[in-house]
Amino acid sequence: MIIDFNLMYESLPYLFRGALVSLSIAALGCLIGFIGGTIFALLQTNAVRVVRMLVSSFTAIVRGTPMLIQITFMFILLPTIGIYIPAFWVAVIAIGINSTAYVSNVIRAGILSVARGQIEAAYTLGLTRLQTIRYIVLPQAVRTVLPSLGNEFVTLIKDSSLASVIGVYELTKEGSFIISRHLNSISIYIVIAGIYLLMTIPLTLAINYLEKRMHRHVSH
Amino acid sequence: MLVINNLSKKIGAKIILSKVSLQVPRGHIALLLGSSGAGKSTLLRILNGLESYDTGSLMLDGKPLDVRSVHKTHTIGMVFQHFNLFEHMTVLQNCTLALEKVLGKSKQEAESIAYTLFTHYGLADKANQYPAQLSGGQKQRLALIRTLAMQPSVICLDEPTSALDPVLKRQVATNIKQLAHEGLIVLVASHDIGLVEQLPCTIYLMEDAAIVEVADSSDFANNPKKYPRIESFIAGSKYISE
């Protein structure tokens, strides 16, 4: 029989353990991406030209190269410069840096979508530049780009499978390990796909709910 | 008193303001009348530090006025044509944000100031609503309240009656008169000729970046022929609106 329900059931604890690792990589990568992306977006919209050019170059390089290459590159590079950290953290950092490049572009678009008039109003009321960013620009920018940020997190959950290439036992790697022992790939891949869906669908629904909630009082 | 002396601004070869001079004592209203592109809004934006100028000088109550730092002293307030309300904040938060973050008032103090103004301008029942839920007139009042809460000496209103119906326009005129009555220096930029009849003010007619005629509103009402350019502008505006 191609589909072995017993194997599927028995594999669940191992796969859920891997799913937890996948979720951790995605969550930490997303956190790095959100913080880094916000800082880079602010630099792109406020800093001097040289800094803007450096940030643009960074995003172009990261977005123009595959994440698989970035993860393996980081895995090889870090020890050569004397940084020895577990593969899990190499994956988190690589995915976080990759996410930074994408999120910075998303948040930059959100910042630019905030009406210039509101920034001028904040200025005439005496708010400092930082206060204007903190209280006027970022809350509205994040609200505007929330669906895109949610999609980015969903993408990261799926992309976390790339951490398997450097030996991180996340969901896909755990699955591959079971497949290599039982030689029943279909059954295991069905469970893996199901677990990925279990992680991404509720997240998508939560983002949709949050988006509706945040847009309640804003006219378009 | 606000004194603007020979204020000029150019962008490339285009003259934006040409030697604009005016004096507005406390408790008085200056109505900058003129069609779009005459330089009225630019003058208000310069006063609020939103735009720079090339030459000229500004003084407030006998002291030089540095428009680059005017926002730090909140001596000049601005009510924008499109209100520029903070859409993600409630009516109350729109009003208390600067009171708390700029003036350092406590939440209670800021809300107390806001509610005093809300009650005065009939917005108390809207405090927890969002700008998108307000009518045009209510938005206008909120923009005014937000500015007044900072207790400026000078208040600039850019096209305050545009997009308002005649009843609301009269209400805005009443509010503007009250501001002057309270001792503020009021500058109104508008192409709404209705304000000429409703406001006791000094009319400054602006054309092609310069003030071309000045008249006291009561004097103009009694003897319009004495001010041919203002009379012509009003006649032209009436002809267009009819």
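Just so you know, the protein sequences line up as chains D and X, in that order. Following this note's numbering, the numbering of the first sequence begins with 22 at its first residue and continues without gaps. Following this note's numbering, the numbering of the second sequence begins with 363 at its first residue and continues without gaps. We put the CB at the ideal spot given by N, CA and C, even for glycine. Computed from a prediction, not measured in an experiment: that's the story for all the values here.
Asked, Found
"State the Cα-Cα distance for the pair Ser169 (chain D) and Cys457 (chain X), rounded to the nearest angstrom.", "31 Å"
"Please list the terminal residues of the continuous beta strand (DSSP E) segment that includes Thr417 (chain X).", "Thr417 to Leu422"
"What residue range is occupied by the uninterrupted alpha helix (DSSP H) comprising Gly545 (chain X)?", "Unbroken run through Gly545 (chain X): none, as it is neither H nor E."
"What does Val365 (chain X) pair with, by DSSP beta-bridge criteria?", "X:Gln385 and X:Met421"
"Assign Asn27 (chain D) to one of two classes, buried (16 or more other C-beta atoms within 10 Å of its C-beta) or exposed (fewer than that).", "exposed"
"Report yes if the C-beta of Lys588 (chain X) is less than 8 Å from at least one heavy atom of the ligand NAP; otherwise report no.", "The ligand NAP is not part of this structure, which contains no ligands at all."
"Would you call the segment 400 to 418 of chain X in contact with the segment 447 to 467 of chain X, where contact means no fewer than 3 C-beta pairs closer than 8 Å?", "no"
"Which residues bound the alpha helix (DSSP H) around Thr509 (chain X)?", "Gly498 to Leu510"
"Name the chain D residues that come within less than 8 Å of Asn605 (chain X), Cβ to Cβ?", "Because chain X here runs from 363 to 604, residue 605 (chain X) falls outside it and cannot be looked at."
"How about Ser552 (chain X) and Leu519 (chain X): are their beta carbons less than 9 Å apart?", "yes"
"Can we say the segment 72 to 83 of chain D touches the segment 117 to 126 of chain D, given the rule of at least three CB pairs closer than 8 Å?", "yes"
"Quick one: is His436 (chain X) buried, meaning 16 or more other Cβ sit within 10 Å of its Cβ, or exposed?", "buried"
"In chain D, which residues lie with their C-beta within 7 Å of the C-beta of Asn410 (chain X)?", "Thr145"
"Could you tell me the distance, in whole angstroms, from the CA atom of Pro87 (chain D) to the CA atom of Ser45 (chain D)?", "21 Å"
"Looking at C-alpha atoms only, which residue of D:Tyr144, D:Ile114 and D:Ala115 is the closest neighbour of Val429 (chain X)?", "D:Tyr144"
"Return the residues of the segment 453 to 469 of chain X that lie within a Cβ-Cβ distance of less than 7 Å from chain D, sorted by chain order.", "Leu459, Ala460, Lys463 and Val464"
"What's the C-alpha gap between Gln500 (chain X) and Phe174 (chain D)?", "40 Å"
"With DSSP as the reference, label Lys467 (chain X) as helix, strand or coil.", "coil"
"In this structure, does DSSP put Ala577 (chain X) in helix, strand or coil?", "strand"
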